[in-house]
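A.B. asks:
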Amino acid sequence: MSPEVATLTSTARTAGFASTRTMTRVVLAALLLTLVLIYVPGLGGPLLLDDRSVLDPVRAAVLQGEAWGLLMSNTGPLGRPVAMLSFIADSTLSAGSDRVAKAVNLGLHLLNTLLVWLLARHLLQRAGLESRWSALWVAGLWALLPLQVSTVLYTVQRMTLLSATFALAGLILLLKAAEARAARSMYALLAGYILCLVLASLAKENGVLLLPLGALLLLFPLAAVAVDHGGRARGIGHALGAVSLLGAVAGLAWFLLGVLPESSSRHLARGWTPLERLVTQAEVLWLYVAQILVPLPRLLPFFHDDWVAVNLNDLRPTAMVAGAGWVVLAILALCLRGPLALAGLGLLFFLLGHALESSILPLELVFEHRNYLPSLGIVLAVATLAVHLPLRASLLTALAILSLTLFASFTFLRVADWADARTFALRSLQLNPDSPRAASQLAALLTAEGEPAAAVAVLERIAHPGARLQALHTTCTAGPQAAIQLYQGLPPAQGLRMDGYASTAAINLSDALHEGHCALPDLDFVDWLATVVTTGHFVHESEREKLSVHVAHGLHDAGRHAEAIDWAETRISGVTAALGRLIAADWRSEQGDCLQARENLRVAAGSLGPKVRRGWESMLADTERLLTERGCLPHAHAATGDLHR
Numbered sequence: 290m291s292p293e294v295a296t297l298t299s300t301a302r303t304a305g306f307a308s309t310r311t312m313t314r315v316v317l318a319a320l321l322l323t324l325v326l327i328y329v330p331g332l333g334g335p336l337l338l339d340d341r342s343v344l345d346p347v348r349a350a351v352l353q354g355e356a357w358g359l360l361m362s363n364t365g366p367l368g369r370p371v372a373m374l375s376f377i378a379d380s381t382l383s384a385g386s387d388r389v390a391k392a393v394n395l396g397l398h399l400l401n402t403l404l405v406w407l408l409a410r411h412l413l414q415r416a417g418l419e420s421r422w423s424a425l426w427v428a429g430l431w432a433l434l435p436l437q438v439s440t441v442l443y444t445v446q447r448m449t450l451l452s453a454t455f456a457l458a459g460l461i462l463l464l465k466a467a468e469a470r471a472a473r474s475m476y477a478l479l480a481g482y483i484l485c486l487v488l489a490s491l492a493k494e495n496g497v498l499l500l501p502l503g504a505l506l507l508l509f510p511l512a513a514v515a516v517d518h519g520g521r522a523r524g525i526g527h528a529l530g531a532v533s534l535l536g537a538v539a540g541l542a543w544f545l546l547g548v549l550p551e552s553s554s555r556h557l558a559r560g561w562t563p564l565e566r567l568v569t570q571a572e573v574l575w576l577y578v579a580q581i582l583v584p585l586p587r588l589l590p591f592f593h594d595d596w597v598a599v600n601l602n603d604l605r606p607t608a609m610v611a612g613a614g615w616v617v618l619a620i621l622a623l624c625l626r627g628p629l630a631l632a633g634l635g636l637l638f639f640l641l642g643h644a645l646e647s648s649i650l651p652l653e654l655v656f657e658h659r660n661y662l663p664s665l666g667i668v669l670a671v672a673t674l675a676v677h678l679p680l681r682a683s684l685l686t687a688l689a690i691l692s693l694t695l696f697a698s699f700t701f702l703r704v705a706d707w708a709d710a711r712t713f714a715l716r717s718l719q720l721n722p723d724s725p726r727a728a729s730q731l732a733a734l735l736t737a738e739g740e741p742a743a744a745v746a747v748l749e750r751i752a753h754p755g756a757r758l759q760a761l762h763t764t765c766t767a768g769p770q771a772a773i774q775l776y777q778g779l780p781p782a783q784g785l786r787m788d789g790y791a792s793t794a795a796i797n798l799s800d801a802l803h804e805g806h807c808a809l810p811d812l813d814f815v816d817w818l819a820t821v822v823t824t825g826h827f828v829h830e831s832e833r834e835k836l837s838v839h840v841a842h843g844l845h846d847a848g849r850h851a852e853a854i855d856w857a858e859t860r861i862s863g864v865t866a867a868l869g870r871l872i873a874a875d876w877r878s879e880q881g882d883c884l885q886a887r888e889n890l891r892v893a894a895g896s897l898g899p900k901v902r903r904g905w906e907s908m909l910a911d912t913e914r915l916l917t918e919r920g921c922l923p924h925a926h927a928a929t930g931d932l933h934r
């Protein structure tokens, strides 16, 4: 070949490569723009479930200049400070705008789409498959999954989004570290991976799965021979696998010895044991796969709180088939080699991604956001199988475009359901008419719009204590007869299962009674509530503590002062025990029992540690001032001041 021909050939190849790279960037930009156009209508949608309990305190603290005190939250054992920092930041910069908070979530989803594209391209190259366009297809399918809507537009799932961001970045850095030529580059990349591991875990605890996922990516034998300097990739992979195994053993021991004994009431409140939850997850995982691959609206109602757990004493056939199916698939995935190896890796990626939230932990049975990162495994597996179909390139391209168009259309329709509170509430109950949460949400909306009768009609269809209590609250101003009929429909208080919905409904009703907004004539609601607090099984013990305070107030409002004081002094536990003592100090001083009033104030102040005490200072000061006005405390701060000597 003459020099001129060689030069022309080289130039043509370079131009072709540059043209392909430019086209790739154009398609990637078009994908991101499509995501923005699809999701923007949903940014004005409602806050849901945990959104208020997480965001409202942050926004209030930002206004008071005390936001840093909320950097560590009670949403997880590690406090999730990375996610909380992001909430503090956007609350500070946007004055607590819900739309801005959701827009930040969308921005993270766009960033994660880019990271998925990079990771998919790397994995496809390692598998010896066409990587440039296939990676775009994988990233597009994953980003356009209708299932992802409930992560992006459910504001508090910023935690899931951030954890996935650092997990994806960490996996990319890990793969590059395993292939780095220079030791210095390898160590720098590994340091970046470790940093991502820490940040992912501090955004949400399932970020620790970056360890076993990293081991999987390095150790799973793909078709192509990857660059592995002196067995470096396998060495790193074995190290990560060993750490993952040790971590799993330690975590299981911690759960069995530390968490399980203290969470027995929580499991009973949920209605299942840890083992029953684990068996149930075999069915739930198949639901997730169906939601990913066949995203029909009826499979995506968002609320799945009516899912019935498996009873080990009466094991249903579907659970056995589901479990056997996953065992077979896992074995098949481990055995896949050659061109289809990446499909096996994808299946294992999905299962490992669910190793925490779909295990024995006392979490709710079904939530879509748990699939945000694991769904990438299913998409990878399907894409790998698709590119090996005996189809011409033009047909495969048409299949890719059709699938992206369908997913984009379904996602657009689902985002429309999330665009405003009323549409979301109506659609949620339409898709799952047996969901207590969906009924509660719609009933609350109808009540706020002045339609209490319609709200009660919605709630009466749901056999749940929370629905009964909410209906009672809604009708308690409608007349004695209606209230009595609803009250008689409450379940027996003894050993009642109290999930978050039931506890919140009981608190709201008790508040309304205490504040005089409604009346329940001739009803012993306070005794019913006292029995629930004493014998009920609560998902969150903090809710038992809150309701204990309400029992004390209910007894006092009923004129049963001695019982109220005894309850406040002896039956309120946890952090709220100090509140019980302060309430008792108020009531004791009201009766002229200054000695016991001062003792209650002293006990309350002494039970608060330095960190907790700061948030109680105003309440302590108010009680001291009250006792001083009643002549029970000669000098302000006398009772609590003694504690500092």
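Quick note: the sequence shown uses the numbering used here, first residue 290, plus one each step. The beta-carbon is built from N, C-alpha and C at its ideal position, and this holds for glycine as well. Note that the structure is predicted; figures quoted are calculated from it, not measured.
Between the Cα of G869 and the Cα atoms of N363, L884, A894, Q580, which residue gives the shortest distance?
C.D. replies: In the sequence shown, counting from the first residue as 1, residue 869 sits at position 580. Comparing Cα-Cα distances from G869 to each of N363, L884, A894, Q580, the minimum goes to A894.
A.B. asks: Decide if A304 is buried, meaning its Cβ has at least 16 other Cβ atoms within 10 Å, or exposed.
C.D. replies: In the sequence shown, residue 304 corresponds to position 15, counting from 1. Low confidence applies here, because A304 scores a pLDDT of 45, under 50, leaving its location unreliable and the question unanswered by this model.
A.B. asks: Could you check the C-alpha separation between S423 and L413 for me, to the nearest Å?
C.D. replies: Against the sequence shown, residue 423 aligns to sequence position 134. Against the sequence shown, residue 413 aligns to sequence position 124. Looking at the two C-alpha atoms, the distance is approximately 8 Å.
A.B. asks: Would you check if the stretch 468 to 480 and the stretch 728 to 742 touch, i.e. whether three or more CB-CB distances between them fall below 8 Å?
C.D. replies: no
A.B. asks: Give me, in chain order, the residues of the same chain whose beta-carbon lies closer than 8 Å to that of H677; leave out the 5 immediate sequence neighbours on both sides.
C.D. replies: Position 388 of the sequence shown, counting from 1, holds the residue named residue 677. Excluding sequence neighbours, H677 sits near P628, L629.
A.B. asks: Going along the chain, which residues of its own chain have a beta-carbon closer than 7 Å to the beta-carbon of S439, five neighbours each way excluded?
C.D. replies: Translated into the one-based positions of the sequence shown, residue 439 becomes position 150. Counting only Cβ-Cβ distances below 7 Å, and skipping sequence neighbours, we find F591, E657, H658.
A.B. asks: By DSSP's criteria, H826 is part of a beta bridge. Which residues make up the other side?
C.D. replies: Your numbering for residue 826 matches position 537 in the sequence shown. DSSP output for H826 lists R786 as bridge partner(s).
A.B. asks: What span of residues does the alpha helix (DSSP H) with A857 cover, start to end?
C.D. replies: Against the sequence shown, residue 857 aligns to sequence position 568. Looking at the DSSP string, the run of the alpha helix (DSSP H) that includes A857 is 850 to 859.
A.B. asks: To the nearest angstrom, how far is the alpha carbon of A689 from that of L404?
C.D. replies: One-based indexing of the sequence shown puts residue 689 at position 400. One-based indexing of the sequence shown puts residue 404 at position 115. Whole-angstrom Cα-Cα distance: 20 Å.
A.B. asks: State buried or exposed for S862, treating a residue as buried only when at least 16 other CB atoms are found within 10 Å of its CB.
C.D. replies: The residue labelled residue 862 in the question sits at position 573 within the sequence shown. Result: exposed.
A.B. asks: For D379, count the other beta carbons within 10 Å of its own beta carbon; 16 or more makes it buried, fewer makes it exposed. Which is it?
C.D. replies: Along the sequence shown, one-based indexing puts residue 379 at 90. Counting the other CB atoms within 10 Å of its CB gives D379 a total of 16 or more, which places it among the buried residues.
A.B. asks: Using DSSP with H/G/I as helix, E/B as strand and the rest coil, what is V599?
C.D. replies: Residue 599 sits at position 310 when you count from the first residue of the sequence shown. In this structure, V599 counts as coil in the three-state DSSP scheme.
A.B. asks: Which residue spans inside the stretch 878 to 922 form an unbroken alpha helix (DSSP H) run of at least 4?
C.D. replies: Runs found: 883 to 895, 899 to 902, 906 to 918.
A.B. asks: Please determine, among P435, V329, L418, T444, the residue with the shortest C-alpha to C-alpha distance to G385.
C.D. replies: Working through the sequence shown from its first residue, we reach residue 385 at position 96. Looking at the Cα atoms, T444 is the closest of the given residues.
A.B. asks: Over what stretch of residues does the alpha helix (DSSP H) that includes F398 continue unbroken?
C.D. replies: Counting from 1 along the sequence shown, the entry for residue 398 is found at position 109. Here the sequence assigns His to residue 398, which means Phe is not the residue at that position. Annotation: the continuous alpha helix (DSSP H) that includes H398 extends over 387 to 415.
A.B. asks: Span of the alpha helix (DSSP H) holding V617?
C.D. replies: Here residue 617 refers to the residue found at position 328 of the sequence shown. From DSSP, the alpha helix (DSSP H) with V617 extends over 606 to 624.
A.B. asks: Between the C-alpha atoms of R302 and A466, what's the straight-line distance to the nearest angstrom?
C.D. replies: Taking the sequence shown and counting its residues from 1, one reaches residue 302 at position 13. Taking the sequence shown and counting its residues from 1, one reaches residue 466 at position 177. The predicted position of R302 is uncertain, since its pLDDT is 46 and thus under 50; a value taken from the coordinates is nonetheless stated next. Computed Cα separation, rounded: 30 Å.
A.B. asks: Tell me the DSSP secondary structure of L652 in three-state form.
C.D. replies: Here residue 652 refers to the residue found at position 363 when the sequence shown is read from its first residue. Coil.
A.B. asks: Taking V944 as part of the alpha helix (DSSP H), name the residues at either end of that continuous run.
C.D. replies: This structure leaves residue 944 out entirely; the chain is present only between 290 and 934.
A.B. asks: Given D875, which residues of its chain have a CB within under 7 Å of its CB, disregarding the five upstream and five downstream residues?
C.D. replies: For the purposes of this step, residue 875 is taken as residue 586 along the sequence shown, with counting starting at 1. The answer, listed in chain order, is T912, L915.
A.B. asks: For A453, I'd like the list of residues in its chain whose CB is within less than 6 Å of its CB, leaving aside the five on either flank, ordered along the chain.
C.D. replies: For the purposes of this step, residue 453 is taken as the residue at position 164 of the sequence shown. Within the same chain, A453 has close Cβ partners N401, Y661, L662.
A.B. asks: Taking all protein chains shown into account, decide if Q777 is buried (16 or more other Cβ within 10 angstroms of its Cβ) or exposed.
C.D. replies: The sequence position of residue 777 within the sequence shown is 488, counting from 1. The residue is exposed, with fewer than 16 neighbouring Cβ atoms inside 10 Å.
A.B. asks: Assign I620 to one of two classes, buried (16 or more other C-beta atoms within 10 Å of its C-beta) or exposed (fewer than that).
C.D. replies: Stepping through the sequence shown from its first residue, residue 620 is reached at position 331. I620 comes out exposed.
A.B. asks: Closer than 8 Å by C-beta to L623: which residues in its own chain qualify, once you throw out the five before and the five after it? Chain order, please.
C.D. replies: If you number the sequence shown from 1, residue 623 lands on position 334. Within the same chain, L623 has close Cβ partners G633, L637.
A.B. asks: Distance check for D855 and G920, CA to CA, integer angstroms please.
C.D. replies: As a working mapping, residue 920 is identified with position 631 in the sequence shown. As a working mapping, residue 855 is identified with position 566 in the sequence shown. Those two C-alpha atoms are separated by around 22 Å.
A.B. asks: Buried or exposed: P335, going by 16 or more other Cβ atoms within 10 Å of its Cβ?
C.D. replies: Here residue 335 refers to the residue found at position 46 when the sequence shown is read from its first residue. Answer is buried; the Cβ neighbour count reaches 16.
A.B. asks: By DSSP, does K493 sit in helix, in strand, or in coil?
C.D. replies: Position 204 of the sequence shown holds residue 493. In the structure shown, K493 sits in coil (DSSP, three-state: anything other than H, G, I, E or B).
A.B. asks: Roughly how many angstroms lie between the CA atoms of L625 and S717, to the nearest whole one?
C.D. replies: One-based indexing of the sequence shown puts residue 625 at position 336. One-based indexing of the sequence shown puts residue 717 at position 428. Using only the alpha carbons, I get a separation of about 40 Å.
A.B. asks: Contact check, A456 vs A409 under 8 Å by CB: the rounded distance?
C.D. replies: Locating residue 456 in the sequence shown gives position 167, counting from the first residue. Locating residue 409 in the sequence shown gives position 120, counting from the first residue. Not really, about 14 Å apart at Cβ, beyond 8 Å.
A.B. asks: Just reading off the alpha helix (DSSP H) that Y577 is part of, what are its end residues?
C.D. replies: On the sequence shown, position 288 is the one that residue 577 refers to. Where Y577 is concerned, the enclosing alpha helix (DSSP H) stretches over 563 to 582.
A.B. asks: Between the Cα of T823 and the Cα atoms of D813, S831, S837, which residue gives the shortest distance?
C.D. replies: Your numbering for residue 823 matches position 534 in the sequence shown. Comparing C-alpha distances from T823 to each of D813, S831, S837 shows the shortest one belongs to S837.
A.B. asks: Using a 10 Å radius around the Cβ and a threshold of 16 neighbouring Cβ atoms, would you call M448 buried or exposed?
C.D. replies: Reading the sequence shown from its first residue, position 159 is the one you call residue 448. M448 comes out buried.
A.B. asks: What do you get for D594, buried or exposed, if any count of 16 or more other CB atoms within 10 angstroms of its CB means buried?
C.D. replies: Residue 594 sits at position 305 when you count from the first residue of the sequence shown. Around the CB of D594, 16 or more other CB atoms lie within 10 Å, so the residue is classed as buried.
A.B. asks: Specify whether the stretch 837 to 853 and the stretch 795 to 802 touch according to this definition: at least 3 beta carbon pairs, one from each stretch, less than 8 Å apart.
C.D. replies: yes
A.B. asks: Could you check what DSSP says for S792 in three-state terms: helix, strand or coil?
C.D. replies: Translated into the one-based positions of the sequence shown, residue 792 becomes position 503. In this structure, DSSP gives S792 a helical state, which the three-state scheme calls helix.
A.B. asks: If you count every other CB in all the chains shown that lies within 10 Å of the CB of R726, and 16 or more means buried, which is it?
C.D. replies: Stepping through the sequence shown from its first residue, residue 726 is reached at position 437. Buried.
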